[in-house]
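Since the structure comes first, as structure tokens, the remarks are kept for the end.
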Amino acid sequence: DSRTGDDSRCDTTLICRTIAHAVQLVGVSHVNLSAGVFKESTVSIDNIVSLVISGVPSSTFFDCSRRLEPTTGAAFNINNSTVTITGVTFQHCSNASGNGGAVSAVDSSVAVSQCSFVNCSAASGGAMSATGRGGGVFLRVENSNFSGNSAVGGLIGCPPGSHSSEPCSTWGGAIAAFEILNVSVTGCSMTDNTAVANVPVTSQQSTLSRNAVAGGGCVSVLFRGNCSAFVLHMS
């Protein structure tokens with residue numbers, strides 16, 4: 048392919064030049080990334096029982112600022128899957144209209160180790176976000192670095208129309224977990240991560256309330272209801 052470099056014959060024995068091709072079209076269970084820079088658009092990972100993505104620590108980069116097209120969005124969108132990511136540096140990934148600047152997961156179990164997240168941003172979960180709708184999923188982050196990431200949902204503006212009374216909120220400058228009962232963050236370094244929220248005077252909400260909600264400059268874990276089975280491990 049003249050744009051992506053993929054070979055149409057790409058399979059489990061031939062090299063795929065993009066992560067998306069390997070995951071979406073070939074359906075492999077383990078993707079090995081070489082040292083170098085990856086700059087493709089958002090990789091969608093849907094309904095995969097088990098997927099491992101392995102890079103070379105400090106040498107494999109996913110740089111969203113160098114994408115072939117001027118697109119925004121998380122590096123990985125993960126839905127209803129179990130995914131392990133190791134040895135990848137994510138940098139300059141922005142997901143302004145959603146959660147998770149580099150990794151955005153919904154109803155999925157995600158394990159991350161030996162990764163770095165640098166200068167990524169999103170409405171919540173500047174580097175990573177995981178959202179669940181019940182038990183059985185987990186978020187585990189180990190031996191990884193988070194630097195200069197930001198949750199900026201409160202700076203984008205308040206919900207319009209019928210949602211204008213909702214707070215302009217933003218959570219987790221580095222990591223945000225919503226309705227995830229099993230969260231573990233161990234052996235990680237956090238530097239200059241922020242969660243910032245305000246209510247713009249031009250927004251509809253400004254006339255109703257000037258209260259903005261922000262929390263977790265580094266890590267934020269939230270539940271709407273019963274969280275009696277919640278387990279959080281941080282060290």
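First residue of the sequence shown? That's 48 in our numbering, and the numbers climb one at a time after it.
Backbone N, C-alpha and C define an ideal beta-carbon position, used for all residues, glycine too.
Using a 10 Å radius around the Cβ and a threshold of 16 neighbouring Cβ atoms, would you call HIS280 buried or exposed? Exposed, by the Cβ-count rule.
7 Å CB neighbourhood of GLY201 in its chain, flanking five on each side removed: The beta carbon of GLY201 sits closer than 7 Å to those of CYS215, SER216, THR217, VAL243, ALA244, ASN245, ALA259, ALA261, all from its chain and outside the five residues before and after it, given in chain order.
Using 9 Å as the threshold, is the C-beta distance between PHE123 and ALA149 below it? The answer is yes: Cβ separation under 9 Å.
What first and last residue would you give for the beta strand (DSSP E) that runs through VAL157? 156-160 is the extent of the beta strand (DSSP E) around VAL157.
Simplified DSSP state of HIS139, which is helix, strand or coil: DSSP places HIS139 in coil when its eight states are reduced to three.
Could you tell me whether the segment 177-187 touches the segment 133-140, using the rule of 3 or more Cβ pairs below 8 Å? Counting Cβ pairs under 8 Å, fewer than three are found: no touch.
Below 6 Å CB to CB, which residues in the same chain sit around GLY234 once its five sequence neighbours on both sides are set aside? If we look at GLY234 and ignore the five residues flanking it on each side, its Cβ neighbours are GLU189, ASN190.
8 Å contact criterion, which ASN126 and VAL153 should meet: CB distance rounded: Indeed, because the Cβ distance is near 5 Å, the residues count as touching under 8 Å.
Measure the C-alpha to C-alpha separation of LEU269 and VAL278 and round it to an integer number of angstroms. The straight-line gap from Cα to Cα measures roughly 12 Å.
So GLY263 and ALA223 are supposed to be a Cβ contact under 8 Å. How far apart are they, rounded? Indeed, because the Cβ distance is near 7 Å, the residues count as touching under 8 Å.
What are the start and end residues of the beta strand (DSSP E) that includes HIS283? With the chain represented from 48 up to 282, any question about residue 283 goes unanswered, as that position is not in the structure.
Assigned secondary structure, VAL150 (DSSP; H/G/I helix, E/B strand, else coil): Three-state result, VAL150: strand.
How would you write the range of the beta strand (DSSP E) that HIS280 sits in, first residue to last? Residue range 278-281 is occupied by the beta strand (DSSP E) that includes HIS280.
CA-to-CA distance, LEU98 to VAL78, given in whole angstroms: Cα to Cα, the separation comes out at about 8 Å.
ILE100 beta carbon less than 9 Å from that of THR131: Between THR131 and ILE100, the gap from beta carbon to beta carbon is short of 9 Å.
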